[in-house]
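Asker:
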Amino acid sequence: MGVVRWAGDILRGVYTVLVGMRITMRHLGQRPVTMFYPDEKWAMPENFRGLIKCDMDACIVCDLCVKACPVDCITIDWHREAGKAGKVLDRFIVDYQKCMYCGLCTDPCPTLAIFHSHEYENSSYTREPQILDWCAPENRVKNPNAKPKAEKPAAKPAPKPAPAAPKPAAAPAPVAAAAPAPAATAVATAAAEGTSGIVGVESPIGEKGSVAKVWIIPGCIVCDLCEDTVSEVFHVTDTTSLVKLDHQDQWGQWSDKIIEAAVGCPVNVIKYELAK
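If you want the numbering used here, it's the 1-based position in the sequence shown plus 4.
Right, here's the structure in full:
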């Protein structure tokens, strides 16, 4: 019986070897699928969420990415410069030790400045390389899909002569009488419609002339661009932007700035009507 059991064990062993070799032989003639990383790398799909980067030339410092981040891995510092519209970035820091690549910061960005790259290699021996400031010259990047904000300054020089001619048209100050809002209130809000200011017949954005009415529709992202452009007309709170009415009779003089703010608004919520 011992010899029979011994022979059976040998046969079972040979059988299991043949089963394994059958799988090996099946793949022996196929092309290898091994990739020699890091010399070779897979091409990432278009929607791959890799390392977050930010195009500083497209960023309008609206802070929406900071507010959307669930782990507070984005830090933005900025300041204002006299005579310059908008905020000026000091730092745009991303802490990749916290980032979970959820994409919540890229979705609300109105100019597509912040985006997911196809890069995924971010290992380091220390923590310092995991914290990047995208304002630093050596870290500057471009997002080909970003919406440029270059048209805004170009609008400044051209309209300069416009105020002189339309000044008589500023006579629509009587139209300002349509502001039966209390003179004491500096800001008026049309609560029923969720708008702020005096609603009129919307003129095409960018059309030049003397502004008679200005209003803001819902959808403001609180980027401060309008207040930085003409603080006499717009006021930005923590949640939205409002139109001031205490200097409504001077809107015609500030037409160029009001139109510039409307053109520069990244979400197109500033509307205006030109005097006829």
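The beta carbon of each residue, even a glycine, is placed where N, CA and C say it ideally should be. Remember, predicted model here, so these are calculated numbers, not experimental data.
1) Which of helix, strand or coil does DSSP assign to residue 9?
2) May I ask you to verify whether the segment 25-42 touches the segment 127-134, counting CB pairs closer than 8 Å and requiring at least 3?
3) Identify the continuous alpha helix (DSSP H) that holds residue 268 and give its terminal residues.
4) Are residue 246 and residue 220 close, meaning C-beta to C-beta below 8 Å?
5) Taking only the alpha-carbon atoms, compute the straight-line gap between residue 107 and residue 56 and give it to the nearest angstrom.
6) Strictly by DSSP, which residues pair up with residue 78?
7) Using only the alpha-carbon positions, how far apart do residue 91 and residue 233 sit?
8) For residue 21, which residues of its own chain have a beta-carbon under 8 Å away from its beta-carbon, when the five flanking residues on both sides are left out?
9) Please name the residue, chosen from 253, 225 and 139, that lies closest to residue 61 on a Cα-to-Cα basis.
10) Can you grab the Cα-Cα spacing for the pair residue 244 / residue 45, in whole Å?
11) Helix, strand or coil: which one does DSSP assign to residue 201?
12) What would DSSP say about residue 72, mapped onto helix, strand or coil?
13) When DSSP labels each residue in this structure, what does residue 129 get in the three-state scheme?
14) Just to confirm, are residue 65 and residue 230 a CB contact at a threshold of 8 Å?
15) Given a cut-off of 8 Å, decide if residue 78 and residue 95 are closer than it, judged by their beta-carbon atoms.
16) If you compare alpha carbons, which of 58, 275, 19 and 211 is closest to residue 202?
17) With a threshold of 16 other CB atoms inside 10 Å of the CB of residue 235, please say whether the residue is buried or exposed.
Answerer: According to the data block:
1) Look at residue 9 here: in three-state DSSP terms it is helix.
2) Taking 8 Å as the limit for Cβ pairs, the verdict is that the segment 127-134 does not touch the segment 25-42.
3) 259-268 is the extent of the alpha helix (DSSP H) around residue 268.
4) Yes, the Cβ-Cβ distance between residue 246 and residue 220 is below 8 Å.
5) Approximately 9 Å between the Cα atoms of the pair.
6) In the DSSP output, where bridge partners are listed per residue, residue 78 has 98.
7) Rounded to the nearest angstrom, the two C-alpha atoms are 10 Å apart.
8) Sequence-distant partners of residue 21 (beyond 5 residues in either direction) whose C-beta falls short of 8 Å from its own C-beta are missing from its chain.
9) When the alpha-carbon of residue 61 is set against those of 253, 225 and 139, the nearest one is in 139.
10) Approximately 46 Å, taken between the alpha carbons.
11) Here residue 201 sits in strand by DSSP.
12) For residue 72, the three-state secondary structure derived from DSSP is helix.
13) The DSSP-derived three-state label of residue 129 is coil.
14) For residue 65 and residue 230, no; Cβs fall outside 8 Å.
15) Contact flag unset, no.
16) Residue 202 has its Cα closest to that of 275, out of 58, 275, 19 and 211.
17) So residue 235 ends up on the exposed side.
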